[in-house]
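Novice:
In the numbering used here, the protein residues as written are 15 to 91.
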């Protein structure tokens, strides 16, 4: 194998490495964007969960209040 052949292989290897690095950079950028989107969605879902938990607690308290009033009416009868 001559010097030109070795140099040609090195250039091919270097170009292949460059292409792979570019692919990895694109993948990393895509994953960062996806991560940002997922974190925003997670924040939305946590907020919605907290809101629904609050509404659930409010409904539970109202039902417990109605039950207590019904028991009070039963006791009066």
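For every residue, glycine included, the Cβ atom is placed at its ideal position computed from N, Cα and C. Values in this document were obtained by computation on a predicted structure and should not be read as measured data.
Using the Cα positions of residue 61 and residue 43, report the straight-line distance between them to the nearest angstrom.
Specialist: Their backbone Cα atoms lie some 27 Å apart in a straight line.
Novice: DSSP on residue 92, reduced to helix/strand/coil?
Specialist: As shown, the chain starts at 15 and ends at 91. That puts residue 92 outside it, with no answer to give.
Novice: Which of helix, strand or coil does DSSP assign to residue 91?
Specialist: coil
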